[in-house]
Structure formats: C-alpha cells, structure tokens
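Participant:
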Amino acid sequence: MICPICTSSHSNPVPLQRRNKRSRRFFRCTNCKSVWEDPSTWLSECEEKARYLLHQNHPGDPPYREYMEGILRQVWEGITYVSQKSPSGQCLDILDYGCGPSPVVAPLLSYHGHRVTSYDPYFAPITLRGLYDLILCIEVAEHFKEPRKEFIQMATLLKEGGFLAIHTHRVPEEDEDFAGWWYKEDTTHRVFYSGTAMDVLSSCMGVSLVGQPEENLWLFQRPFRF
344 MICPICTSSH
354 SNPVPLQRRN
364 KRSRRFFRCT
374 NCKSVWEDPS
384 TWLSECEEKA
394 RYLLHQNHPG
404 DPPYREYMEG
414 ILRQVWEGIT
424 YVSQKSPSGQ
434 CLDILDYGCG
444 PSPVVAPLLS
454 YHGHRVTSYD
464 PYFAPITLRG
474 LYDLILCIEV
484 AEHFKEPRKE
494 FIQMATLLKE
504 GGFLAIHTHR
514 VPEEDEDFAG
524 WWYKEDTTHR
534 VFYSGTAMDV
544 LSSCMGVSLV
554 GQPEENLWLF
564 QRPFRF
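In this note's numbering, the protein residues as written are 344 to 569.
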C-alpha cells in the first residue's frame, strides 16, 4: 500500500488489539514510519460528520479551553524563540485550519486583536485565498484523508516568514505500543505522524521545520525571499 505521506510503496500491516466492533486496518511505512488507516475501513462522510458533532470541544468547555490556551502558549513561545520577537502586541492574520463545529481558537485570539479566519471542510467550507502570518492546525492533521496534499495547501497560504503550527500526537514507534494506543480509537483519526514524516512533509512543502516546542507540536516557517 502506498504511503500517503512519503509515497513509498513499502509498508507492513500493524497488528491490532480488538477493542471495538468496527474492523479497522492500519499500515506502517517502512520509510517514514508513519501509520495510516486502510481507506477501505474509513467512516463514510456522513458518519464522520456525525462523529464530529458528538465532540464536546467548544469555547464554553473550561477544560478544553484551557487545553487550547496551553497549546497556543507553546506556539507563541516557539515563534518568539525562532524570530527573536514576541508576536504578542501585533495584529496577525491567522488561519484556524480545521476549526470544527464550534471554533475555539477564533474567540481566544480575536480577543487579543488578531484577525482570525476559521476554515473547516464540513463546518466552515470557505474558499481559501489570502495569505497568513500563522496557520494553526491543532488536533486536525490526524483526520486528513490526503495528508501530503493538505500540508502543501497550508504551505501555499503562508506569507513569507509565516509560521505553520501542527499539533497532533506523535505515533508510537513500536507496533505493540500502537496496538494499545488510545489515540487511534477515535474512528475519525486515520493518519499518525512520526518525526521522520514531519521532515518529509517539510521538504515537500518547501518550508523549514524550525522548532518542536513539545513532543506533539511542530513549527514550520516559510522562508523569506531576499
């Protein structure tokens, strides 16, 4: 099966512990070490959308709001370290890529004076035309059907010097650990990334991987043209 990230044709099936009635099949790329679900076992679009509507991720949920605030602080710290200046106090054009049915990022960052655009293929399917100082893809990349295509699209929407922040849980290196991993149990999660996979995506996007503020957060930057 072809890897949806590095396009290698070398992969192995990942043995699973059966935890639910739905039969799902996963493969691990022998090149970039990413893991993905066999498309033949994906949810349908109707099933997937219904599953998203069950999520309790909204601005009125204090634990989730605090969780998102923590991730945004890490993004801010990463940008500050790389650029040697804080984005606080600036008015940035920000894209929340994959905002879900109840956007949380927009109200949090709009409050601080930033211009935030919310995009989601199901719940905010706008045409993306502008360029952004920062694109946030938080707990979204694991849902991608065509991750390589999605990452390239995000990179084309960055201004020169703009940042792309990806937050998704790093895939366990061992198949035995993946088999018992809680994160894959969400049936809308279909692709899981390794550090090597992020290096591959950085190259195909034409951007630099400039930081990893924590294990599950990667920060990319579009280079300046001089």
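Yeah, the Cβ is synthetic: ideal placement off N, Cα and C, and Gly gets one too.
Given a threshold of 16 other Cβ atoms within 10 Å of its Cβ, counted over all protein chains shown, does residue 493 qualify as buried or as exposed?
Facilitator: Its Cβ being crowded by 16 or more others within 10 Å, residue 493 is buried.
Participant: Assuming residue 386 is part of the beta strand (DSSP E), what are its boundary residues?
Facilitator: Residue 386 -> no beta strand (DSSP E), and no H or E assigned at all.
Participant: Does the segment 395-408 come within contact of the segment 417-433, defined as at least 3 CB pairs closer than 8 Å?
Facilitator: At 8 Å Cβ cutoff, the stretches do not touch.
Participant: Do residue 548 and residue 495 come within 7 Å of each other at the CB atom, strictly closer than that value?
Facilitator: Yes.
Participant: Does DSSP classify residue 494 as helix, strand or coil?
Facilitator: Of the three classes helix, strand and coil, the one that applies to residue 494 here is helix, per DSSP.
Participant: Kindly identify the DSSP beta-bridge partner or partners of residue 357.
Facilitator: BP columns for residue 357 point to 369.
Participant: Could you check what DSSP says for residue 417 in three-state terms: helix, strand or coil?
Facilitator: Reduced to three states, the DSSP call for residue 417 is helix.
Participant: Express the C-alpha separation of residue 539 and residue 459 in angstroms, rounding to a whole number.
Facilitator: Residue 459 and residue 539: Cα-Cα distance of roughly 31 Å.
Participant: For the 8 Å Cβ check, are there 3 or more pairs between the segment 510-530 and the segment 432-442?
Facilitator: Result no; under three Cβ-Cβ pairs closer than 8 Å.
Participant: Run through DSSP, which three-state label would residue 351 get?
Facilitator: Here residue 351 sits in coil by DSSP.
Participant: Closer than 8 Å is the cut-off here; do at least three beta carbon pairs connect the segment 370-387 with the segment 412-422?
Facilitator: No, because fewer than three Cβ pairs between the segment 370-387 and the segment 412-422 fall closer than 8 Å, the two stretches do not touch.
Participant: Is there contact between the segment 365-379 and the segment 560-569, where contact requires at least three CB pairs shorter than 8 Å?
Facilitator: Too few Cβ pairs lie closer than 8 Å, so no.
Participant: Who pairs with residue 458 in a beta bridge, going by DSSP?
Facilitator: In DSSP, residue 458 forms a bridge with 436.
Participant: Count the other C-beta atoms from every protein chain shown that fall within 10 angstroms of the C-beta of residue 523, then say buried if there are 16 or more, exposed otherwise.
Facilitator: The residue in question, residue 523, is exposed, as its Cβ has fewer than 16 Cβ neighbours within 10 Å.
Participant: Quick check on the DSSP output: the alpha helix (DSSP H) that includes residue 547 runs from which residue to which?
Facilitator: Residues 538-548.
Participant: For residue 476, count the other beta carbons within 10 Å of its own beta carbon; 16 or more makes it buried, fewer makes it exposed. Which is it?
Facilitator: Residue 476 should be labelled buried.
Participant: So, for residue 434: in the same chain, excluding its five sequence neighbours on each side, which residues have a beta-carbon less than 7 Å away from its beta-carbon?
Facilitator: Excluding sequence neighbours, residue 434 sits near 456, 457, 458.
Participant: Quick one: is residue 393 buried, meaning 16 or more other Cβ sit within 10 Å of its Cβ, or exposed?
Facilitator: Under this definition residue 393 is an exposed residue.
Participant: If you draw a straight line from the alpha carbon of residue 503 to that of residue 431, how long is it in whole angstroms?
Facilitator: Answer to the nearest angstrom: the Cα atoms are 19 Å apart.
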